[in-house]
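Enquirer: Chains as they are written, first to last, in our numbering: chain Y, 1 to 318; chain X, 1 to 328; chain B, 1 to 388; chain S, 1 to 547.
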Ligand SMILES: Nc1ncnc2c1ncn2[C@@H]1O[C@H](COP(=O)(O)OP(=O)(O)OP(=O)(O)O)[C@@H](O)[C@H]1O
Ligand SMILES: Nc1ncnc2c1ncn2[C@@H]1O[C@H](COP(=O)(O)OP(=O)(O)OP(=O)(O)O)[C@@H](O)[C@H]1O
Ligand SMILES: [Mg+2]
Ligand SMILES: [Mg+2]
């Protein structure tokens, strides 16, 4: 025990704590993008189980874009496009034709996993090219706050975009016509239809936005977080994003908070290990989930889901 | 049905013309799968046998895949993952085909099942010496992707190697997650954390996660040079930023070749095979970045390990690793 | 006078609508069902073939290899062995899905069942006659799975807490617990890698004579058939369905909703545990750390495609088993990564959903084209006509 | 309908073409021809009433006009020009505002948000402007609604008002109202009628669907009667005015149901409320025998409500065999809590519910059912039926697992179907077959299904919650007849209704529910209506009170 403390004492230097928090932020960003996306489509009544596949497609196309164009921004753009194209499938089949959202979602995930793996092999013949590190942008003033400054306010530019996006989506939900229509499409689509707004269009745009955001989340993983594309690299983050969106009841700010908690808990588990504490990684790993479970048991709150979630809308059906 | 011994006798003298290898992941990983496949290829061509490869099959359908390989007429099946052991043994018994397994030295079946163990800690020890010599910050890091005993062994050896040079050097140890073999983003995150904890030599173990380690080291902005030491394979071809200091290379060629010979002689399954520094199954990659004196020191240690003068501790559990790390 | 249509009222009523199903309905239904199951598979395989051609591979080679390695020789037996846990998993999911309850904790429930079987198996077989040991191990595995559903079940039944979240959380936790057990109390100390003791070969479930398909396959099939009967013909099944379709109505008609939620969760978990027992005792004999076959993910789409009808699940699962068993070698033969199979499965799902959907529309007497699509097709024409 | 007929109906002073004209509309649903070559013309400044029995196709017709359904054939003319209405949006653009039969308000949104839905093309919502506009329309209609209230928390009457505001929001030239009065109090109906007059004067064309004849005759300038999908006849304003109410009534009833119908003199047929009261007094034969033991008794029962809706507080009441106990009150004053507490769907917090003298607080729904208690819910679609199950299964939903339909847990499909066929015939449920999905039935037929389910097999006490709202004349009368017969045979009934006429017609004793409390008991008689009315709005600002 004393040895552990000794090891820990030298460990928690300012720069290390800074790195931990920064690492947590970095780990939370792809989840945040994707979960904000899911919040949008869930609110509109589309349960997007294909998120994992859309993320992977985005990760792949994003990597490809960044790699070929030597630009991170091209990467995010192609990532968004890739995710959007995958989502377009969902739009046509699930939203427009009303096919089972769950089956289609799973099909998209499977196809995304398979295609990116096949393409990765076809494209790079088994090599794993890597990208350069991209510059971080410090926010003048804020970045000089001890510890928090360097960890929170010295990040790749896209991180700030992500945070801006959260605010924008929150604003969109509460203050704009689109937000109102999205909510209506998830609450009672026939009412939205009766009000003269196309439910199918509303849901289509929402799904496309989700796909694009999941694509950006995936691109973030490959372009920034890993600097390379490896098959299946999302590691279930798409599903995690669904859970986060539900836990946050579709509210963007809470989505960001929840994603951040997950990211930090990943970082903390690494930190715990570095202190040399002899706890199995399995135990450390399940702590965040156990904490959520505990919270659910104690507060027994039901996560609110829109009543029309995953129910296809067919006008005039009885 | 025939007893295993008669099966072995019957097969003695038969030339092996068809070899099969089953790989859990893609054979382009600059690691475990690639090393296995390369070795199998070279052995097959040297004994004039046809090689059937099946890769990227994961761990969920093993039994039927191995059965199919057996039914397709393979005379020697390399089940190239320790996770395949039980299925491989069952297939060997059912179809009476010699099968190679990993890490289960007490599960031998004459004529049918043998196994490869690896003294991975020996290479780790040399890597530890190298790291201890190269570190400027006095802190080195170990990152493993998952709870894998081979990685525990290497990590333990590494810690012991570092300690043999300088007890003052700190060793930091981290695992991405219990099953994050392919989590490249996680790999980069954890390796970056190690670097920010002041480590300037990273010894990394993992499958696709290794690409994340390499990326973390390549793009580190620590203000000082950070080196990477890899495992099993050689990532040199994709090291554009010149950070790959060395790698603990595992070579299966000799062992596979010996196995084929044993099958043809009817002696297969009577003993296990082992990769060691002594038999060349394990070696350290020499790169231009290792200075001659350091390399010489590594060679000296190697000789002592081979001769038994140095006993490298074997850590089989996370707890044992952490003890060695803490002691370092 | 105003009542201009009076005389029309006296005219005979409009012709009675055709009855929903005609006398020859049964035979027609069979044909329709057959066509409906076959067409999507054919379409998906065709689409897969096109994809293979695009990738410069031979579809003929690929499909004949799938057949060869998935069915021919003894390979169909491997497929059947794979079906056993999948069928039970499907049964477990149908029980809850019919009640519109999402038990997504199947991975943990399976692994915990599996770990307890290998944990206690060797000791059981050493001390008890095999039939007793089998029975006890099945129950232990079932209970392990069932117990892991209790918290989500109670939360849902008493507080309405969303079970998608709770079961997933419990799943992540349970997977780690299973790993801790594998690396802790149940680890085989004689092996260097973290894995459990192995159930002796002779104590594994016996094979169906003449094959190497273990009897667990028959057990699984039997359970699926019995469950199908329970769900479609008994009051339990109907209550489940009423609750699933309309929980308010369930309360209104006096169904004990809490008991129903809890019991369907428990049954589901129990069946998942049993699927683990069948799989471990029939095929694997041990569990290594970090192993997770995730049968639930495989089976969910087919469960939905079969519209929660267990009889219909059987052919879907069989089909998948053949593809999966044959596909690994077949992809290698055309030098593609095995992940290509995922694409094929995805294609099959797509086409099956589409055909199912068209069939259902047809049944409802609607056009094959949805309103949205029809309009999309019609719109350009409309515009043209409208322009001055 | 021939062109000549239309021409004949048109008054020569009418300038120009009708505001809306439906020409030759047909619509087929699986197994039902809902509209069969229907013609309908509505002029500016005219209230055009659509009458017809349940399932006649009224809602389908107006759904076609509002873009919710596409006709199989036929055209729609707006101001004489062919209009292409492919979606509700098209209809709204042409100034057709609709209040649908089933609410299209979103309970989770505020009133203002509901109104702003689909309103402007501007991206940022302009709440200030919307508030002003809402105030303006509300003032014109003479109603008062809190714009920030959660819509789901409002009483149904209020919600109805919001729906009308919503329909007028887009500046409607044509206003379609599908049974807007079914949930309104008499005062509410009066208010609505005033509003209609106002809109008429502004030149709005109004289509008005109702099942209450007196309403139709009071407000409409023209009446079209649908029967089995066909427009079977039309009465112009001159004809209405030139005939006596009795003649009109006879004509309409004959058209709606054919000649063989005897509707008797249901209050819906009466043109004046006073007649109804006479009727009630005349009909009431059952005197509540005080000596008899109550078969259902509530002793100081309190139970929680849902959301903002009040529960019940300290409610005591007795029902004796053969008695109909009426419960009057404005909707949203604890009716549902009361009904559910008796039925066992909701637990009483304090007090005791007793059936045949024994407390049943601890018993669940099905145990109480076995004692002979039945509950006809007002939430017909929400909890009454399972839409996706067949009519036959829905008819036996409360007997799952019981003999003889289930034996040792197994369904006896033959017995189930035989029983279902019998009930369908007995209660005249209009359905293509017993295998039809219950969700496709029209509202009236769903109610018949519920009645059939509840009243078969020996009920002893029945709670009816608004049993006749939305039902056509004949069905309403049948339902009332069923209730009378039931009590005549010795069962007791609790009749919860917002329809005073109904209570006056059926109940001997009427209690008044206000904010979850019983505020008084009235014996049916000459001045019962006034006394109840006074009690209902006694404390003025009760929720849902019509302003
Ligand atoms: N879960 C259930 N339990 C009991 N009865 C049910 C259940 N589901 C449906 N039923 C009823 O049982 C009868 C037969 O079921 P179903 O609707 O499946 O009939 P089917 O489609 O004609 O028969 P089949 O089972 O051959 O497809 C019907 O009356 C149906 O409404
Ligand atoms: N979407 C639909 N699918 C199938 N059948 C339908 C649908 N909509 C209406 N119907 C059927 O069409 C017929 C006409 O229904 P509609 O709702 O127009 O009647 P209505 O005159 O409005 O009756 P009510 O007075 O009960 O409201 C009914 O038999 C109904 O079951
Ligand atoms: Mg059926
Ligand atoms: Mg209607």
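We treat Cβ as the ideally placed atom computed from N, Cα and C, and that holds for glycine.
Bear in mind that the values here come from a model prediction, so they are computed numbers and not experimental data.
(1) Taking the C-alpha atoms as reference points, what is the distance between residue 395 of chain B and residue 329 of chain B?
(2) In chain X, what lies closer than 8 Å to residue 109 of chain B by C-beta?
(3) Between residue 440 of chain S and ligand 2, is the CB less than 7 Å from at least one heavy atom?
(4) Considering only the alpha carbon of each residue, which of Y:230, Y:197, Y:163, Y:287 lies closest to residue 32 of chain Y?
(5) Cβ-heavy atom distance between residue 452 of chain S and ligand 2 below 7 Å?
(6) With 9 Å as the limit, tell me which residues of the stretch 344-368 of chain S have their beta carbon closer than that to any beta carbon of chain B; keep them in chain order.
(7) Quick test of the definition: if touching needs 3 or more C-beta pairs under 8 Å, does the stretch 143-152 of chain B touch the stretch 170-177 of chain B?
(8) Bridge partners of residue 78 of chain X, per DSSP?
(9) Give me the DSSP bridge partner(s) of residue 50 of chain X.
(10) Taking buried to mean at least 16 other C-beta atoms within 10 Å of its own C-beta, is residue 190 of chain Y buried or exposed?
(11) Going by the C-beta, is residue 34 of chain S closer than 7 Å to any heavy atom of ligand 2?
(12) For chain S, is any of its Cβ atoms less than 8 Å away from the one on residue 187 of chain Y?
(13) Rounded to whole angstroms, what's the CA-CA distance from residue 217 of chain S to residue 240 of chain S? Just pull it up for me.
(14) Report yes or no: is there a C-beta of chain S within less than 8 Å of the C-beta of residue 198 of chain Y?
(15) Taking 7 Å as the line, does the beta carbon of residue 60 of chain S fall inside it for any heavy atom of ligand 2?
(16) Give the straight-line distance between the Cα atoms of residue 239 of chain X and residue 89 of chain X, rounded to the nearest whole angstrom.
(17) Can residue 134 of chain X and residue 226 of chain X be called in contact, C-beta distance under 8 Å?
(18) Considering only the alpha carbon of each residue, which of B:205, B:160, B:298, B:136 lies closest to residue 297 of chain Y?
(19) By how many angstroms is the C-alpha of residue 344 of chain S removed from the C-alpha of residue 271 of chain S?
(20) Taking just the CA atoms, how far does residue 79 of chain S sit from residue 39 of chain Y?
(21) Of all the options S:244, S:228, S:142, which has the alpha carbon lying nearest to the alpha carbon of residue 214 of chain S?
(22) Please state if the CB of residue 296 of chain B and the CB of residue 176 of chain B are separated by a distance shorter than 8 Å.
(23) From the DSSP output, in three-state form, read off residue 77 of chain S for me.
(24) Counting only beta-carbon separations shorter than 8 Å, does residue 116 of chain S have a partner in chain Y?
(25) Do residue 552 of chain S and residue 360 of chain S have their CB atoms nearer than 8 Å?
(26) Looking only at its chain, what residues have a beta carbon closer than 8 Å to the beta carbon of residue 310 of chain Y, apart from the 5 residues adjacent to it on each side?
(27) Please list the partners that residue 305 of chain S has in chain B, where partner means a Cβ-to-Cβ separation under 8 Å.
(28) Please list, in chain order, the chain X residues whose beta carbon lies closer than 8 Å to that of residue 82 of chain B.
(29) Apart from the five residues on each side of it in sequence, which residues of its chain come closer than 7 Å, Cβ to Cβ, to residue 305 of chain X?
(30) For residue 183 of chain B, decide whether its Cβ has a neighbour in chain X, counting only Cβ atoms nearer than 8 Å.
(31) Taking the alpha carbon of residue 82 of chain B as the reference point, which residue from B:70, B:93, B:92, B:91 has its own alpha carbon closest?
(32) Write down every uninterrupted run of the alpha helix (DSSP H) in the stretch 197-242 of chain S whose length is 4 residues or greater and which is fully enclosed by it, in chain order.
(33) Looking only at its own chain, which residues have a Cβ that is under 6 Å from the Cβ of residue 81 of chain X, when we skip the five neighbours before and after it?
(34) Are there any heavy atoms of ligand 6 lying less than 7 Å away from the beta-carbon of residue 380 of chain S, as far as the coordinates show?
(35) Along the alpha helix (DSSP H) that carries residue 298 of chain S, what are the first and last residues, could you check?
(36) Taking the straight line between their C-alpha atoms, what separation do you get for residue 470 of chain S and residue 187 of chain S?
Expert: On the basis of the data shown:
(1) Outside the displayed range of chain B (1 to 388) lies residue 395 of chain B, so it cannot be described from this structure.
(2) Within the third chain, residue 109 of chain B is the residue found at index 109, counting from 1. Under the 8 Å cutoff, chain X gives no residues; its nearest Cβ is about 17 Å from residue 109 of chain B.
(3) Indexing the fourth chain from 1 puts residue 440 of chain S at position 440. Correct: residue 440 of chain S has its Cβ closer than 7 Å to ligand 2.
(4) Translated into the one-based positions of the first chain, residue 32 of chain Y becomes position 32. Out of Y:230, Y:197, Y:163, Y:287, the CA that lies nearest to the CA of residue 32 of chain Y is found in Y:163.
(5) Residue 452 of chain S sits at position 452 when you count from the first residue of the fourth chain. Not one heavy atom of ligand 2 sits closer than 7 Å to the Cβ of residue 452 of chain S.
(6) Contacts with chain B (Cβ-Cβ distance below 9 Å) from the stretch 344-368 of chain S involve 344, 345, 364, 365, 366, 367, 368, listed in chain order.
(7) Per the Cβ contact rule, the stretch 143-152 of chain B is in contact with the stretch 170-177 of chain B (3 or more Cβ pairs under 8 Å).
(8) As a working mapping, residue 78 of chain X is identified with position 78 in the second chain. DSSP links residue 78 of chain X through a beta bridge to X:21, X:100.
(9) The count along the second chain starts at 1 and reaches residue 50 of chain X at position 50. In the DSSP assignment, residue 50 of chain X is bridged to X:18.
(10) Residue 190 of chain Y sits at position 190 when you count from the first residue of the first chain. Around the beta carbon of residue 190 of chain Y, a 10 Å sphere encloses 16 or more other beta carbons of the protein chains shown; the residue is thus reported as buried.
(11) As a working note, residue 34 of chain S is residue 34 in the fourth chain. For ligand 2, at least one heavy atom lies less than 7 Å from the Cβ of residue 34 of chain S.
(12) Working through the first chain from its first residue, we reach residue 187 of chain Y at position 187. Among the residues facing chain S, residue 187 of chain Y is included, as its CB has a counterpart in that chain under 8 Å away.
(13) Your numbering for residue 217 of chain S matches position 217 in the fourth chain. Your numbering for residue 240 of chain S matches position 240 in the fourth chain. Residue 217 of chain S and residue 240 of chain S: Cα-Cα distance of roughly 8 Å.
(14) Numbered from 1 along the first chain, position 198 holds the residue referred to as residue 198 of chain Y. Yes, its Cβ sits closer than 8 Å to a Cβ of chain S.
(15) Reading the fourth chain from its first residue, position 60 is the one you call residue 60 of chain S. Residue 60 of chain S Cβ: within cutoff of ligand 2.
(16) Taking the second chain and counting its residues from 1, one reaches residue 239 of chain X at position 239. Taking the second chain and counting its residues from 1, one reaches residue 89 of chain X at position 89. When rounded, the distance between both Cα atoms is 39 Å.
(17) Here residue 134 of chain X refers to the residue found at position 134 when the second chain is read from its first residue. Here residue 226 of chain X refers to the residue found at position 226 when the second chain is read from its first residue. Cβ distance not < 8 Å, so residue 134 of chain X and residue 226 of chain X don't count as in contact.
(18) By one-based count along the first chain, residue 297 of chain Y stands at place 297. Comparing alpha carbon positions, the residue from B:205, B:160, B:298, B:136 closest to residue 297 of chain Y is B:160.
(19) Translated into positions along the fourth chain, residue 271 of chain S becomes position 271. Translated into positions along the fourth chain, residue 344 of chain S becomes position 344. Any reading at residue 271 of chain S needs caution, since the residue's pLDDT is 47, under 50, leaving its predicted position unreliable; the model's value is listed next. Rounded to the nearest angstrom, the two C-alpha atoms are 40 Å apart.
(20) Stepping through the first chain from its first residue, residue 39 of chain Y is reached at position 39. Stepping through the fourth chain from its first residue, residue 79 of chain S is reached at position 79. Distance between residue 39 of chain Y and residue 79 of chain S, taken at the CA atoms: about 45 Å.
(21) Taking the first residue of the fourth chain as 1, we reach residue 214 of chain S at position 214. Comparing Cα positions, the closest option is S:244.
(22) As a first step, residue 176 of chain B is located in the third chain; it is residue number 176 there, counting from the start. As a first step, residue 296 of chain B is located in the third chain; it is residue number 296 there, counting from the start. No, these two residues do not count as a Cβ contact at 8 Å.
(23) For the purposes of this step, residue 77 of chain S is taken as the residue at position 77 of the fourth chain. Strand at residue 77 of chain S.
(24) Numbered from 1 along the fourth chain, position 116 holds the residue referred to as residue 116 of chain S. At least one chain Y Cβ lies under 8 Å of residue 116 of chain S.
(25) Here chain S has residues from 1 to 547 only, and residue 552 of chain S is not among them.
(26) Here residue 310 of chain Y is taken as the residue at index 310 of the first chain, counted from 1. Result list for residue 310 of chain Y: 45, 46, 47, 101, 102, in chain order.
(27) Locating residue 305 of chain S in the fourth chain gives position 305, where the first residue counts as 1. Residue 305 of chain S does not reach chain B, its nearest Cβ partner there being about 16 Å away, counting only Cβ pairs nearer than 8 Å.
(28) Position 82 of the third chain, counted from the first residue, corresponds to residue 82 of chain B. In chain order: 61, 64.
(29) As a position in the second chain, residue 305 of chain X is number 305, starting the count at 1. Residues 122, 125, 277, 312 of the same chain have their beta carbon placed closer than 7 Å to that of residue 305 of chain X, with the five preceding and five following residues left out of the count.
(30) For the purposes of this step, residue 183 of chain B is taken as residue 183 along the third chain, with counting starting at 1. With 8 Å as the cut-off, residue 183 of chain B counts as an interface residue toward chain X.
(31) By one-based count along the third chain, residue 82 of chain B stands at place 82. Measuring from the Cα of residue 82 of chain B, the nearest candidate turns out to be B:70.
(32) Those alpha helix (DSSP H) runs which fall completely within the stretch 197-242 of chain S and span 4+ residues are 213-219, 237-242.
(33) Numbered from its first residue, the second chain carries residue 81 of chain X at position 81. The residues are 24.
(34) Questions concerning ligand 6 fall outside what the structure shown contains, since the ligands it does hold are ligand 1, ligand 2, ligand 3 and ligand 4.
(35) For the purposes of this step, residue 298 of chain S is taken as the residue at position 298 of the fourth chain. Not the alpha helix (DSSP H): residue 298 of chain S falls in the beta strand (DSSP E), residues 294-303.
(36) Position 470 of the fourth chain, counting from 1, holds the residue named residue 470 of chain S. Position 187 of the fourth chain, counting from 1, holds the residue named residue 187 of chain S. Rounded to whole angstroms, residue 470 of chain S to residue 187 of chain S spans 18 Å at the Cα level.
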